[in-house]
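Quick notes on the structure that follows.
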Ligand SMILES: Cc1ncc(C[n+]2csc(CCOP(=O)(O)OP(=O)(O)O)c2C)c(N)n1
Ligand SMILES: Cc1ncc(C[n+]2csc(CCOP(=O)(O)OP(=O)(O)O)c2C)c(N)n1
Ligand SMILES: [Mg+2]
Ligand SMILES: [Mg+2]
């Protein structure tokens, strides 16, 4: 989109790394803590080389203790630092929910602003053969917590820009990468630049239906859009990027243009992201035809057949969009 | 409603107690574990006297260790018992999410039926002056977990009947009381009777709008309906009782009759119960005018002024219904 | 802060008078009071300096007063008034006055322990002076959060003092049913930190132990663990059922740490009857003044409900 | 189960051959293998009877085979085939064969520990014979779940044996950075249970220690804690980066518990070259047979995706 900015090509994981490196260089209050974030460089190599630059004080390996890790991050944040706590999989974020949700998200409110928790929890969502307890997408839960911000990039540029914003944010942020994105390449601005929270991105323009999604599902949506383009059905694909706050304006304007909404997510649709997206859009512009697709109501097995059957793919997404547009 | 059954009057907490007592007498595999459930009789006296009957083996006081408590319950369930794990406040259920969500809810699925976890987690939701970390309503999160059942009674009769069903269920159930309900009285069948999961109850018949809610909000809805009746506006009030599975049929039939839907919940509306209720109803009968009310997007303070301002009350509910019916 | 015997007695008397005054105000929900545990709070506070931070669980009024938090603002906070240090929105179990060295209470049992370690980590990384003390109960000693945090604090040599106020009860559950360890502090020893158990009804011994433990932490040698045994003279909260017999309570009351310290000071000739009466009156007066201050303050405006969310 | 030295060697050789065979099958995602840890698994299994149940973390293939789980079904399960004990839906880190005494693996680090205590509680309440063993790693030893469960197991005198397979690593994190305790088993001692650390590369010593600990639990005297130190000869998973140098790995390989046990048996004259070759071949053959069995089984039908949810 940003045709004027000079860009450079890098992998998603490199974009994360660059954002963290730049922000750490800029702000000495930032440090990283989590399992294998030190000399190992992170589970997805997303911190490769940062240990050599910033040392063990600022790239802190933690034991397997998610609850204390997030609690310590919250305390350090309240005391003036800006920790980036890394939780390998979102499923294990549950182990740290108490500190994140019962403490950090409520700290500013309960102290009437005396204390805040400027921390980022970086974690991963989604399925990649890792089985029932390593594949969940629970971002919808987090969206509902007052005081929490939630972002989920789908491109290297956004991983870069959203991570930078997250590390500058004054309250707790959950920053979510999808496991399948780390090895994907993309163009990232050469000059430092942030992506502000609360701005969705139109990834593909279209006229028949607005497809709203986030994270890895943006790629699925784009493939579905390709499939449907061959049938003369034109999809506008919108990447939420920021789930809380949500850019209802961009979404609503798109649906107003296309006249239909399709929401696509990898997690459960029940009380999910899509239903909230639809509700907020229609609250603004009135109802339009809408359907939603997400995981089937089952755990996500590591079994390749069952995993593939459970979560949305381009073909099933295209079929659902087709059924919406040409009922 | 059930005019034929002989009933007896009791408090909500007594109805819980009776269900647990009857089921424990019937099934020796049932036992209770949690903080202060033994000689103390439970935080809300909802186990009063059961310690004297069943002794410390079956009414087990646990240390303050919610994670292990739910994990132990899950293991005992998988090994053939039917534990009732008691977590004083739903906020602390987060501490046991790992065992409940990553293990118990997925156990049957992942083992292809070799193991199941017939356990009940009994907890409480809602605000009653206890502050930001003791007042949350997170039942919507639980509804989205495949493999979990979620119920929330609003009357002594349902507390009795749903608890009995829960203790007979073959998978993990989260049974949620609202703190304000324990001291409320109501009629309960004299003869043992269960309330099956998946059946909503029409609490008040009406013609202008269907008000769908659960737990303590049923009482708020009924008061709002009273207020509006004086203005000639007729509300049908429906108590979900069972959130997962959900009785979409009863809900949809009501909305078809009244032509409008109002969803009321004490928790956050974002990705909440109401939006899912609306979506499932409209998926069946097509769109109808709908609005939702829940807590304001803020933590719930123990401050009496702020708590009251944050969560729905009869007056604000009535105002929102009025705005929906007479825009 | 209250390093002299009379100052420490003053602090204990203030806590008792403040909590007694508060408990008479049934209107504003329930409170978690600390009668019988005053010496623990005051001993700990006497080992802390202005650079230090104290964090606690939900039973936090006594420790906050011992730390020197303004009684009027605290009373206002507990009664939900805007003159409270958190405008009355934190209230019982959540108030924080970091500029007064009280980083905050947190009513989730065990929930503040890792937060405190984070505050300690910030100290260490910033190279700032001062240590962090975290006060929790025997009930909290069963929580995984304690273990995870002890381990990391030891690994990272954080300047944090773990203090267990072992008042022998978690609501109705006796300490023996909460923790299978012979001494609760033993788990600290596993991680190589100095770990001691002391009689928290004995003001002098408790203060000495607190000073010793704080010195260790202050010297940069990593965390320490201090267990102080005490008694809970009231029911769990002002609205909770009492589970102990009248007889048991009566005999507990004979062990009151305040009366014990008064008797000691009298026995050593450091205090006379008149002075004692004077100190008691002074405490009552300060508690009354706090109440007057709180009563004069308004409740927040309902519109504040959406302030300070993000 | 494998109480004789040759039986134990057989079991170790089977694990090695099975995992080597599996690791050649890159197609089906990654696996967590246990080369270097075979003696730990076999020693533990040798102390268990048919009435007992074993639970593990994610590194579970070796322990399951040692426990006597059918190799063909296990291979099928790990490759996602319907002939697996869980129709190929559990796979690595989640499979369960309770009727074979393997109650299940669970890939959330620390997550199976309290579950195991629940299984032990069920045993105790039902008055059934048999004990429960839970195997976890040095990484898991930092998790609060361990502490909470140890405490409750001690309080309730549950028939559970806590076994830490201390292979010195949690992914890339060395044991010293995971747990500040001198010995990981020391936290068991805090709660009054017998706690021992043994060389898990020494088949004989490890089996004796496991038998002793299991006897304690079996006799109804409550839980016990056994730490067995071992080495991880492979990278964390079949797709994870190796963090150690070639030299370090080469010297670790010299400590292989299987070769050590073979040398011992040879030295004691219990085994000759021919028999050794025969045992090696037998293990390879069993592993090959398991693979043939697995390969013959189909993947599940996609329609199974919604089966067995509630
Ligand atoms: C995680 C959690 N579980 C349960 C509770 C309910 N609760 C509040 S205070 C308390 C007692 C804790 O006992 P202890 O730690 O000894 O502190 P004390 O009350 O004796 O000061 C309990 C169980 C809670 N607030 N948080
Ligand atoms: C709660 C949790 N945190 C992190 C992980 C990621 N993880 C998988 S295996 C592993 C290493 C655990 O080390 P250890 O307990 O020593 O077992 P080992 O791998 O050495 O067998 C980690 C951190 C996980 N599965 N669960
Ligand atoms: Mg206590
Ligand atoms: Mg290990």
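Protein chains in written order, with full-length UniProt numbering: chain A, 1 to 327; chain B, 1 to 327; chain C, 1 to 310; chain D, 1 to 310. For glycine and all other residues, C-beta sits at the position ideal for the given N, C-alpha and C. Remember, predicted model here, so these are calculated numbers, not experimental data.
Rounded to a whole number of angstroms, what is the C-alpha to C-alpha distance between residue i and residue j?
| i | j | result |
| --- | --- | --- |
| residue 306 of chain D | residue 46 of chain D | 39 Å |
| residue 64 of chain C | residue 267 of chain A | 45 Å |
| residue 167 of chain C | residue 32 of chain D | 46 Å |
| residue 78 of chain C | residue 4 of chain C | 29 Å |
| residue 322 of chain B | residue 209 of chain B | 10 Å |
| residue 183 of chain D | residue 148 of chain C | 16 Å |
| residue 83 of chain A | residue 31 of chain A | 5 Å |
| residue 302 of chain A | residue 60 of chain A | 31 Å |
| residue 182 of chain A | residue 29 of chain B | 48 Å |
| residue 44 of chain A | residue 14 of chain A | 10 Å |
| residue 8 of chain A | residue 185 of chain A | 10 Å |
| residue 224 of chain C | residue 205 of chain C | 17 Å |
| residue 271 of chain C | residue 292 of chain C | 30 Å |
| residue 125 of chain B | residue 282 of chain B | 28 Å |
| residue 243 of chain C | residue 40 of chain B | 7 Å |
Could one say the Cβ of residue i lies closer than 8 Å to chain B's Cβ atoms, at least one of them?
| i | result |
| --- | --- |
| residue 293 of chain D | no |
| residue 271 of chain A | yes |
| residue 89 of chain C | yes |
| residue 95 of chain A | yes |
With C-beta atoms as the reference, is residue i less than 8 Å away from residue j?
| i | j | result |
| --- | --- | --- |
| residue 314 of chain B | residue 191 of chain B | no |
| residue 300 of chain D | residue 10 of chain D | no |
| residue 39 of chain D | residue 201 of chain D | yes |
| residue 309 of chain C | residue 175 of chain A | no |
| residue 37 of chain C | residue 179 of chain C | no |
| residue 159 of chain A | residue 139 of chain A | no |
| residue 200 of chain A | residue 264 of chain A | no |
| residue 11 of chain A | residue 156 of chain A | yes |
| residue 131 of chain C | residue 116 of chain C | no |
| residue 177 of chain A | residue 134 of chain A | no |
Return no unless some Cβ of chain C is closer than 8 Å to the Cβ of residue i.
| i | result |
| --- | --- |
| residue 108 of chain A | yes |
| residue 142 of chain B | no |
| residue 191 of chain D | yes |
| residue 31 of chain B | no |
| residue 334 of chain D | Nothing about residue 334 of chain D can be read from this structure; chain D reaches only from 1 to 310. |
| residue 151 of chain D | yes |
| residue 111 of chain D | no |
Using a Cβ-Cβ distance under 8 Å, would residue i count as near chain D?
| i | result |
| --- | --- |
| residue 92 of chain A | yes |
| residue 187 of chain C | yes |
| residue 227 of chain C | no |
| residue 179 of chain B | no |
Below 8 Å on C-beta distance, what does residue i contact in chain E?
| i | result |
| --- | --- |
| residue 208 of chain B | Considering every chain present, this structure includes no chain E. Its protein chains are A, B, C and D. |
Can you find a C-beta in chain A that's less than 8 Å from the C-beta of residue i?
| i | result |
| --- | --- |
| residue 121 of chain C | yes |
| residue 73 of chain C | no |
| residue 86 of chain C | yes |
Whose CB is closer than 6 Å to a heavy atom of ligand 4? List the residues in chain order. Chain order is used for the residues whose beta-carbon lies nearer than 6 Å to a heavy atom of ligand 4, namely D:137, D:138, D:139, D:167, D:169, D:170.
Which of the residues in the region 55 to 66 of chain B, read from start to end, lie with their CB under 7 Å from any CB of chain C? Of all residues in the region 55 to 66 of chain B, only 61, 63, 64, 65 come within less than 7 Å of chain C when Cβ atoms are compared, listed by chain position.
Selection of the region 283 to 300 of chain A by Cβ proximity to chain B, strictly under 7 Å: Residues of the region 283 to 300 of chain A with a C-beta less than 7 Å from any C-beta of chain B: 287, 297, 298, 299, listed in chain order.
Please list, in chain order, the residues of the region 165 to 187 of chain C that have any C-beta partner in chain A closer than 9 Å. Under the 9 Å Cβ criterion, the region 165 to 187 of chain C contributes no residue.
Interface positions of the region 181 to 201 of chain B facing chain C (Cβ-Cβ less than 9 Å), listed along the chain: So nothing in the stretch comes that close.
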